[in-house]
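Student: I'd like to ask some things about the structure below.
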Amino acid sequence: MRNTLIYSVFFISLRLYSQDIGFSQFYNNRQYLNPAYAGAEAGFRFNSAYRSQWSNLPTGFTNNVVGGDCRIEKKQAGVGGFIMHDRAGVNVLNATSVYMNLQKNIKLLVDFEKSLDLHMGIQTGFVTKRLNWNDLVFSDQLDIVKGVVYASAATPPETRVKNYADFGVGGLLRFRGPDVHHDFGMAVSHLSRPNQSFYGVDNRLPMKISLQYIGMVPIRYFFGREENDFTVAPVALFEKQGFFEQINMGAIFQKDYLYGGISYRFKRFNIIGEKANSAILTVGARKIYDENYILRFYYSYDVTLSGVRSGATGAHELCLSFEFDPYKNGERAIEKRLKNHR
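What follows is the structure, given as structure tokens:
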């Protein structure tokens, strides 16, 4: 299937050349969010995410991520990584990325019931982008009656495959109490500002600065009712990349095995003065097997409030994670807690 120049080239270059993918459930894509999360939690984790935006239009975007991480207990470190595939339009522009994250943990507070840790992470990656030039249709190819009948005078790019290395760093300050968790993070992506141009000109990917907060607080802390087993996870994200800025704030609520949440996202494109607002509705569930294995599933939908052209729908996002902690129960759990003071 072919696409028009207006709907393909402009939006593809705007999105994939100038701005990284923004997951609504950023708190569920932590390897992508900040390399300092690699092995920050005990045990092993595997996760996957799928995002579909503007699926009712030929210029929609789809993104797939598969990754995992684990802690290296003896080294107070962690390792992780992910593979991501992005598709813009109807297979017009594809990008495949492979990243590896390494993390080192420094303990700032040693106590049996609470801990304060500083995690520092580095990220290395390799990206391949492919442009399917033959799937583009330009205005000079169109006949008002017969459709696409002419050859285009548009100049093909020098190359239709672009490869580059990518690097990033991140830091994470984590507080863990008996019931309360707080994560404060910062990450800087695309330190080398790789050139993405298919035409041999200088078109570099801007660095991205990201500030994150992810918490967990029992509801009883607010209402003083010990029997209340609701928990709330406040989340916040600020990102700036070139002319793009994004703020995401909200909360996820948990009751037993069910999750539900709402957040608000504000985007601003300073170069053209455009703004885009959306509300994000999230539901999810978890299943615990033998107390050591946890399976989680989340679904969210972005409700467009303003700033998007007519006819465009929101975004669907699915996240699935599996966690395994061999130290969670029995004597090994006590041994690990004493050793790591968590």
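At position 168 of the sequence shown the residue is numbered 171 (the numbering used here), and the sequence of numbers has no breaks. Each residue gets a CB set at the ideal place from its N, CA and C atoms; glycine is no exception. This structure is a prediction, so every number in the text was calculated from the model and none was measured.
Check Pro197 in the structure and name its three-state DSSP category.
Tutor: Correct three-state label for Pro197: coil.
Student: Can you grab the Cα-Cα spacing for the pair Asn104 / Thr127, in whole Å?
Tutor: Taking the straight line joining both Cα atoms gives about 7 Å.
Student: Looking at the structure shown, is Gln28 part of a helix, part of a strand, or coil, going by DSSP?
Tutor: Coil, per DSSP.
Student: Sorted by chain position, which residues of the same chain lie with C-beta nearer than 6 Å to Arg74's C-beta, five sequence neighbours on each side aside?
Tutor: So the qualifying residues of the chain are Gly42, Ala45 and Gly81.
Student: I'd like the list of long-range same chain contacts for Phe129, defined as Cβ closer than 6 Å, with 5 residues on each side in sequence excluded.
Tutor: Once the five neighbours on either side are set aside, the close Cβ partners of Phe129 are Val101 and Ala168.
Student: By the three-class DSSP mapping on this structure, what secondary structure does Leu121 have?
Tutor: Strand, per DSSP.
Student: From His185 to Leu321, what does the alpha carbon distance come to, in whole angstroms?
Tutor: So the alpha carbons of these two residues sit roughly 25 Å apart.
Student: Is the beta carbon of Phe47 less than 7 Å from the beta carbon of Leu36?
Tutor: Going by C-beta atoms, Phe47 is not nearer than 7 Å to Leu36.
Student: Compare the Cα-Cα distances from Ser55 to each of Phe325, Ala318, Phe327 and Leu323 and report the closest residue.
Tutor: The residue with the shortest Cα to Cα distance from Ser55 is Ala318.
Student: Just to confirm the assignment, what range does the beta strand (DSSP E) spanning Tyr167 have?
Tutor: First-last of the beta strand (DSSP E) with Tyr167: Val164 to Arg179.
Student: Can you tell me where the alpha helix (DSSP H) with Glu207 in it begins and where it stops?
Tutor: As written in the sequence, residue 207 is Arg, which differs from the Glu given in the question. No alpha helix (DSSP H) contains Arg207, which DSSP labels as neither H nor E.
Student: Can you look up Gln22 in the DSSP assignment and give me helix, strand or coil?
Tutor: In the structure shown, Gln22 sits in coil (DSSP, three-state: anything other than H, G, I, E or B).
Student: So, using beta-carbon positions, are Lys132 and Lys165 closer together than 7 Å?
Tutor: Their beta carbons are under 7 Å apart, which means Lys132 touches Lys165 by this criterion.
Student: Could you tell me which residues DSSP pairs with Tyr304 in its beta bridges?
Tutor: Paired residues: Leu284 and His319.
Student: Does Glu76 come out as helix, strand or coil in the three-state DSSP assignment?
Tutor: It is helical.
Student: Within 10 angstroms of the Cβ of Asp328, are there 16 or more other Cβ atoms? Answer buried if so, exposed if not.
Tutor: Label assigned to Asp328: buried.
Student: Whole-angstrom Cβ separation of Ala282 and Tyr267, contact assumed at under 8 Å?
Tutor: Confirmed, Cβ separation roughly 6 Å.
Student: Which value, in whole angstroms, describes the spacing of the CA atoms of Ala190 and Met123?
Tutor: Each residue's alpha carbon lies about 10 Å from the other.
Student: So, for Asn67: in the same chain, excluding its five sequence neighbours on each side, which residues have a beta-carbon less than 6 Å away from its beta-carbon?
Tutor: The residues are Tyr53 and His88.
Student: Between Thr99, Asn108, Arg177 and Glu326, which lies nearest to Lys77 when the distance is taken from Cα to Cα?
Tutor: Per the Cα distances, Asn108.
Student: Taking 7 Å as the threshold (C-beta atoms), are Ser51 and Leu323 in contact?
Tutor: Yes, the pair counts as a contact, with Cβ atoms nearer than the cut-off.
Student: Exposed or buried, what is Asn32 when buried is set at 16 or more other beta-carbons lying within 10 Å of its beta-carbon?
Tutor: Asn32 comes out buried.
Student: Per DSSP, which residues does Arg133 bridge with? Please list them.
Tutor: According to DSSP, which records beta bridges pairwise, Arg133 is partnered with Asn97 and Val164.
Student: Tyr262 lies in the beta strand (DSSP E); which residues open and close that run?
Tutor: Run containing Tyr262: Leu261 to Phe272, per the beta strand (DSSP E) assignment.
Student: My output table needs one value for Ala39: the three-state DSSP class, helix, strand or coil.
Tutor: Reduced to three states, the DSSP call for Ala39 is helix.
Student: In whole angstroms, what separates the C-alpha of Ile291 from that of Asp259?
Tutor: Straight-line Cα distance between these residues: approximately 11 Å.
Student: Looking at Gly25 and Gln199, is the spacing between their C-beta atoms short of 7 Å?
Tutor: Taking 7 Å as the Cβ cut-off, Gln199 and Gly25 do not qualify as a contacting pair.
Student: Can you give me the C-alpha to C-alpha distance between Arg163 and Asn135, rounded to a whole angstrom?
Tutor: C-alpha separation (whole angstroms): 7 Å.
Student: Keeping to the same chain, check which residues put their C-beta closer than 7 Å to that of Asp305; ignore five residues upstream and five downstream.
Tutor: Here the set comprises Ser27, Ser281, Ile283, Gly317 and Ala318.
Student: Which residue from Ala239, Val235 and Ile255 puts its Cα closest to that of Ser213?
Tutor: Comparing Cα positions, the closest option is Ala239.
Student: Using a Cβ-Cβ cut-off of 8 Å (strictly less than) and excluding sequence neighbours within five positions of Gln2, which residues of its own chain qualify?
Tutor: Nothing can be reported for residue 2: it is not among the residues displayed for the chain, which extend from 4 to 345.
Student: What separation, rounded to the nearest whole angstrom, lies between the Cα atoms of Glu161 and Pro197?
Tutor: Roughly 17 Å between the two C-alpha positions.
Student: Verify whether the separation of the beta carbon atoms of Pro209 and Ile125 is less than 7 Å.
Tutor: Contact flag unset, no.
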